[in-house]
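Numbering (our numbering), first residue to last: 360 to 618.
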């Protein structure tokens with residue numbers, strides 16, 4: 360692979376990179392501490408749209424990761440930024456939690472079920488059949504369909520849970536309308552993150568644990584991509600993909616001295 364410019368800013372996934380199953384990944388607190396001390400711009404990215412940045416900051420602090428609220432970028436924030444760019448001051452019918460509704464309110468969106476510009480689907484702890492039915496009817500009546508992220512399942516202590524991508528598929532089947540997914544692997548998620556910290560793709564690295572979201576997204580946005588083996592994708596699985604990360608390391612502990 361061609362020689363890249365030195366890394367001046369960092370993007371990193373959260374689950375599987377900094378934390379795993381409710382615990383910090385060994386070396387992650389030191390990595391975050393080094394990032395903050397370096398003064399280099401950085402963002403922690405997540406496709407999870409349930410929580411606000413403040414919620415996520417509190418969760419990370421409890422695990423010993425001192426990440427500032429403004430250094431967290433979620434698919435909910437990216438979705439709100441996208442809609443604000445596309446149709447400022449618009450209206451939306453939302454299926455989701457506080458992370459999504461707060462982000463949309465912050466950009467001036469009105470949340471309504473009366474002739475909305477968009478139906479916006481995010482993650483939620485309890486998907487309501489009534490709300491899904493309402494979404495189907497609004498889309499049939501002309502509302503545009505947006506989904507925060509395409510993940511079909513999410514983790515829980517008991518096992519996999521259906522996530523936004525699965526519910527989006529159900530709504531699509533009922534309406535014949537496919538949603539526009541804003542979160543990873545859409546490179547727009549990376550582009551909006553880069554713009555947030557005034558970073559350039561040529562001097563930014565993306566750290567992730569999934570080949571099909573983090574690495575693909577970073578690759579398509581023109582970033583250096585670093586796969587860590589503390590989450591979903593293994594070294595063997597990585598070899599099966601038609602694209603490759605810039606490099607593979609065991610964990611973020613291996614990157615501390617590079618910051």
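For every residue, glycine included, the Cβ atom is placed at its ideal position computed from N, Cα and C.
For residue 565 and residue 480, the gap between their C-alpha atoms comes out near 26 angstroms.
Residue 536 and residue 385 have their C-alpha atoms roughly 43 angstroms apart. When the five nearest sequence neighbours on each side are left out, the beta carbons in the same chain lying within less than 6 angstroms of the beta carbon of residue 506 are those of 480, 523, 527, 538 and 540, in order along the chain. Out of 365, 423, 442 and 378, the CA that lies nearest to the CA of residue 610 is found in 378. Taking 8 angstroms as the upper bound for CB-CB distance, residue 453 and residue 470 are in contact here, some 5 angstroms apart.
At least 9 angstroms separates the beta-carbon of residue 472 from that of residue 442.
Excluding its 5 nearest sequence neighbours in each direction, residue 477 has C-beta neighbours in its own chain below 7 angstroms: 442, 449, 451, 502, 503 and 505, listed in chain order. Runs of the alpha helix (DSSP H) lying entirely within the region 531 to 561, each at least 4 residues long, are 546 to 555 in chain order. In the displayed model, residue 521 falls within a strand according to three-state DSSP. Secondary structure at residue 567: strand, using DSSP grouped into helix, strand and coil. Nearest C-alpha to residue 436 among 607, 369, 508 and 518: 508.
Residue 433: member of the beta strand (DSSP E) spanning 431 to 433, first to last residue. The way I'd put it, the region 389 to 396 doesn't touch the region 581 to 594; fewer than three beta-carbon pairs between them come closer than 8 angstroms.
Bridge pairing for residue 574: absent [DSSP].
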